[in-house]
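Numbering (the numbering used here), first residue to last: 26 to 119. Even for Gly, the Cβ is constructed at its ideal location relative to N, Cα and C. Here is the structure we will look at.
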């Protein structure tokens, strides 16, 4: 994940240098039940904050997506045989 480096700028109100964050602040709207579940999940995961939980979850999802893309490419180039598929299904209890 690419991050921006911190920069300094001048606060026009008091002319003092300020340090800009390497994070972007986002505002999202969620249905109440979804927001409640998100908060409960973050608490259950022991995340220090809701923002940390969302960040961790999105990073994990990106890794999973990348891994799935790799598997898709691998199986496009070398499809599984019926025997391999049966073995995999048996191992995965499908």
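Over what stretch of residues does the alpha helix (DSSP H) that includes residue 116 continue unbroken?
-> 107-116
Are the CB atoms of residue 55 and residue 67 nearer to each other than 7 Å?
-> no
If we ignore side chains and look at the alpha-carbon of each, how far apart do residue 105 and residue 85 end up?
-> 27 Å
Which residues mark the beginning and the end of the alpha helix (DSSP H) in which residue 47 is found?
-> No alpha helix (DSSP H) contains residue 47, which DSSP labels as neither H nor E.
Can you check whether the CB of residue 78 is closer than 7 Å to the CB of residue 70?
-> yes
Between which two residues does the alpha helix (DSSP H) harbouring residue 63 extend?
-> 57-69
Go ahead and pull the three-state DSSP assignment for residue 76.
-> helix
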